[in-house]
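Visitor: Okay, here's the structure, questions in a sec.
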Amino acid sequence: MTIDGFIDDSEIDKILEDTDILLTFEIPYNYNLFARAKELGIKTILQNNWEFTDYLQQTLPRPDLFMSHSYWHLDDQRVLLGRSWYVPTPVFVDDYAEIYADNLLLRRPTPKFLHVAGRQTVRDRNGTLDLIKAVESIPDSVKFQLVIKTQTAEVGETHDPRIVIDRDSPEDEKELYRGFDAMIMPRKFGGACMPMTEALAAGLPVIMTNVEPNDRILPREWLVSTHEEEPLMTRTLVSVDQANQRELSDLIVKFAKRSLTKRRADSNRAREIAVEGYSPESVLAKWKFIMSKLRKI
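Residue numbers (this note's numbering): 32 to 328.
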């Protein structure tokens, strides 16, 4: 059946008809859905985002399990809500195998880095303006190219010839990651980051801020420290962390000067992270574990 907008109480029984497990995303659009499912013996799972959870209201009916596609605030969620498990969004890593091989064999005199600014986001979430400042502070003698891919994000102006603003969108989104040596994403606050996971599948190491969830996914040597900005208020208070500009600049220089051996080792490590953490096989194993837990509730 098709529901237009929020679910009315009168529609709940029809939705739950012939259902063994109810999986909802973000919010259930009517919390009585969980209460009625419990009455009928139907197991329930909610894949929620921490910043948009309504469960600061403790009286709302809850699902049997919460599922997060990011490590971001997962420990906090377990304290507040109880049964919470991590299951990431999968990346079809085999689809990136040819691009990974191409990037691995790439030999260019000038390193080429990718940053995805994407669409306009609150508080420059992807750290685009911070990255531009960091690049502009690097001596001109350090040769590299930074390509900033954007659709609607305002990236400001720069006169640094090493920075290229690219507003084109490839027909095949996987092609976004071809021909680069690394990705740079100094994000200011957490949550799942599909450009990061896709870049890893393409064999691109990803430079990010040393905050949750990045610090639970990437090697420490790819991360830069941060300092706190004014927090952001969503359903709850979200910390905002700005990359240390000097550290970011230094790490970019380090990546620009890597040997071919080191570059290939980083590329292989990136691919390993993607396969181990985000491949369909890895994610399916986590789902099977979730189902085994659900049966025991």
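Note that beta-carbon positions come from the ideal geometry of N, C-alpha and C, so glycine has one too.
Which runs of the alpha helix (DSSP H) fall wholly inside the region 71 to 150 and span at least 4 residues, in chain order?
Guide: Listed in chain order, they are 105 to 112 and 128 to 136.
Visitor: Determine which residues share a DSSP beta bridge with D272 and list them.
Guide: For D272, which the question treats as bridged, DSSP gives the partners E259.
Visitor: Quick check on DSSP: helix, strand or coil for A213?
Guide: If DSSP states are grouped into helix, strand and coil, A213 belongs with the strands.
Visitor: Figure out for me which residue from M322, Y127 and P142 has the closest Cα to the Cα of S310.
Guide: Closest by alpha carbon: Y127.
Visitor: Pair every Cβ in the region 71 to 80 with every Cβ in the region 96 to 105, then say whether three or more of these pairs are closer than 8 angstroms.
Guide: Touching, yes, given that three or more Cβ pairs across the two stretches are closer than 8 angstroms.
Visitor: Assign V242 to one of three DSSP states: helix, strand, or coil.
Guide: Reduced to three states, the DSSP call for V242 is coil.
Visitor: Tell me the rounded alpha-carbon separation between P236 and N157.
Guide: Cα to Cα, P236 sits roughly 16 angstroms from N157.
Visitor: Assign P59 to buried or exposed, taking buried as 16 or more other Cβ atoms, counted over all protein chains shown, within 10 Å of its Cβ.
Guide: That one is buried.
Visitor: Is F286 helix, strand or coil when you go by DSSP?
Guide: Looking at F286 - three-state DSSP - the assignment turns out to be helix.
Visitor: List the residues that DSSP assigns as beta-bridge partners of V178.
Guide: Answer is L145 and V195.
Visitor: Excluding the 5 residues preceding and the 5 following I169 in the sequence, name in chain order all residues of the same chain whose CB lies nearer than 7 angstroms to its CB.
Guide: Excluding sequence neighbours, I169 sits near S280, I283 and V284.
Visitor: Do the region 186 to 194 and the region 255 to 263 touch if we need at least three Cβ pairs shorter than 8 angstroms?
Guide: Contact between the region 186 to 194 and the region 255 to 263 is absent, because fewer than three Cβ pairs lie under 8 angstroms.
Visitor: For the beta strand (DSSP E) holding L325, just list the boundary residues, first then last.
Guide: Not the beta strand (DSSP E): L325 falls in the alpha helix (DSSP H), residues P311 to R326.
Visitor: What are the boundary residues of the beta strand (DSSP E) that includes T390?
Guide: The question about residue 390 has no answer here: the residues shown for the chain are numbered 32 through 328.
Visitor: Is there contact between the region 147 to 155 and the region 110 to 128, where contact requires at least three CB pairs shorter than 8 angstroms?
Guide: The region 147 to 155 vs the region 110 to 128: no contact.
Visitor: For F65, which of helix, strand or coil comes out of DSSP?
Guide: Three-state DSSP puts F65 in a helix.
Visitor: Are there 16 or more other CB atoms within 10 angstroms of the CB of T75, so buried, or fewer, so exposed?
Guide: Burial call: buried.
Visitor: Secondary structure at T159, three-state DSSP: helix, strand or coil?
Guide: Looking at T159 - three-state DSSP - the assignment turns out to be helix.
Visitor: Going straight from the alpha carbon of V178 to that of W318, what length do you get?
Guide: One C-alpha to the other measures close to 36 angstroms.
Visitor: Rounded to a whole number of angstroms, what is the C-alpha to C-alpha distance between S270 and G221?
Guide: Approximately 9 angstroms, taken between the alpha carbons.
Visitor: Less than 7 angstroms separating the beta-carbons of A305 and A232?
Guide: Going by C-beta atoms, A305 is nearer than 7 angstroms to A232.
Visitor: Could you tell me which residues DSSP puts in a beta bridge with F56?
Guide: In DSSP, F56 forms a bridge with Q78.
Visitor: Of the choices V166, E202, E42 and Y117, whose alpha-carbon is the least far from that of M216?
Guide: Ranking V166, E202, E42 and Y117 by Cα distance to M216 puts V166 first.
Visitor: Can you tell me whether G113 is buried or exposed, with buried defined as 16 or more other CB within 10 angstroms of its CB?
Guide: When all chains shown are included, G113 counts as exposed.
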